[in-house]
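The structure appears below as structure tokens.
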Amino acid sequence: MASRRPGRSNPQPKSGGRKPVKGGAKAGAKAGVKAPDSTPRIIGGRFRGKRLAYSGDARTRPMKDRVREATFNLIGPVDATTLAIDLFAGTGALALEALSRGARDAILIERHFPTAKLIRQNAENLGVQDHCRIVTSDTFHWVRKYLAEAANSAPWLVFCSPPYALYEELADEMLQLLVTFQDACPPGSTLVAEFDERFSPEQLPLPDAWNTRAYPPAIVSIWRKRPPVAE
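If you read the sequence shown in the numbering used here, its first letter stands for residue 211, the second for the next number, and so on.
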């Protein structure tokens with residue numbers, strides 16, 4: 211079992227150092243929502259090519275389409291029983307991509323109420339609202355209080371793609387979050403962590419067990435919980 215690091219009681223920052231997205235909505239676009247050519251889209255699966263509503267709010271930094279495509283290529287086929295868990299959901303693109311590729315259900319956690327509303331809109335636009343549990347909450351609080359209720363024997367596909375600054379500002383909490391999921395997830399589960407050059411993959415719990423790729427400025431590491439070896 212991975213060693214645990216002590217956590218602190220610091221609240222999750224509201225902005226997390228996300229950089230504002232350049233460019234405004236085009237004329238005629240819905241107020242507060244980015245125009246279609248500047249929004250993320252579903253890359254693969256049954257909803258391939260569908261655009262997602264995105265406000266451009268500085269709190270939200272969607273994983274770039276090219277990085278998401280490369281990440282899912284590394285993940286490989288998504289089992290039909292998979293539960294996707296998006297810890298810092300933003301637009302919901304990662305969990306919705308997982309549903310598009312065959313995941314059964316998804317839990318999407320987003321503390322910012324207007325952004326959570328956009329996630330719900332995206333789920334409804336794709337017709338998967340009945341397969342999404344959208345939680346408006348602080349991620350660390352939800353994991354402490356409610357992760358056990360979400361537990362099941364089906365594999366999890368967990369996405370940890372927060373504001374990059376959280377790996378510095380809440381270093382202990384972020385590492386403990388990863389350890390918690392390494393311990394709690396069922397065999398066959400996959401954990402995806404995204405960060406930038408301010409955080410070293412060597413700091414990950416069980417660092418040698420992660421498959422790490424760089425897509426500057428993003429760095430993506432993938433960890434899999436193998437089924438126990440039969441004796």
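Each residue gets a CB set at the ideal place from its N, CA and C atoms; glycine is no exception.
> Counting Cβ pairs closer than 8 Å, one from the region 296-311 and one from the region 251-268, do we hit at least three?
Replying inline: Result yes; three or more Cβ-Cβ pairs closer than 8 Å.
> With distances taken from CA atoms, which of L306, P411, A303 and A263 is nearest G381?
Replying inline: Along the sequence shown, one-based indexing puts residue 381 at 171. The sequence given here places Ala at residue 381; Gly does not occur at that position. Nearest Cα to A381 within the set L306, P411, A303 and A263: P411.
> By a C-beta neighbour count over all protein chains shown, 10 Å radius and 16 as the cutoff for buried, is D296 buried or exposed?
Replying inline: For the purposes of this step, residue 296 is identified with residue 86 of the sequence shown, where counting begins at 1. Label assigned to D296: buried.
> In terms of alpha-carbon separation, which member of D289, Q413, F350 and R314 lies closest to E383?
Replying inline: Against the sequence shown, residue 383 aligns to sequence position 173. The residue with the shortest Cα to Cα distance from E383 is F350.
> When the Cα atoms are used, what is the spatial distance from L366 to L293?
Replying inline: As a first step, residue 366 is located in the sequence shown; it is residue number 156 there, counting from the start. As a first step, residue 293 is located in the sequence shown; it is residue number 83 there, counting from the start. According to the sequence shown, residue 366 is Trp rather than Leu. Looking at the two C-alpha atoms, the distance is approximately 5 Å.
> Between which two residues does the alpha helix (DSSP H) carrying I329 extend?
Replying inline: For the purposes of this step, residue 329 is taken as residue 119 along the sequence shown, with counting starting at 1. Counting along the chain, the alpha helix (DSSP H) containing I329 begins and ends at F323 to L336.
>> With H, G and I counted as helix, E and B as strand and the rest as coil, what does DSSP make of G302?
In response: Residue 302 sits at position 92 when you count from the first residue of the sequence shown. Reduced to three states, the DSSP call for G302 is coil.
>> For L444 and F323, what's the separation of their Cα atoms in angstroms?
In response: Residue 444 is absent from the structure shown; the chain starts at 211 and stops at 441.
>> Since A326 and T346 should fall inside the 8 Å C-beta cutoff, what is the C-beta to C-beta distance between them, to a whole number of angstroms?
In response: Numbered from its first residue, the sequence shown carries residue 326 at position 116. Numbered from its first residue, the sequence shown carries residue 346 at position 136. The Cβ separation is near 4 Å, so the contact holds.
>> In this structure, how does DSSP classify D158 when only helix, strand and coil are distinguished?
In response: Coverage of the chain is limited to positions 211 through 441, which leaves residue 158 absent and any answer about it impossible.
> Of the residues F409, C395, S431 and Y425, which one's Cα is nearest the Cα of P437?
Replying inline: In the sequence shown, counting from the first residue as 1, residue 437 sits at position 227. Per the Cα distances, C395.
>> Between which two residues does the alpha helix (DSSP H) holding N283 run?
In response: What you label residue 283 is simply residue 73 of the sequence shown in a count that begins at 1. That run of the alpha helix (DSSP H) goes D275 to I285.
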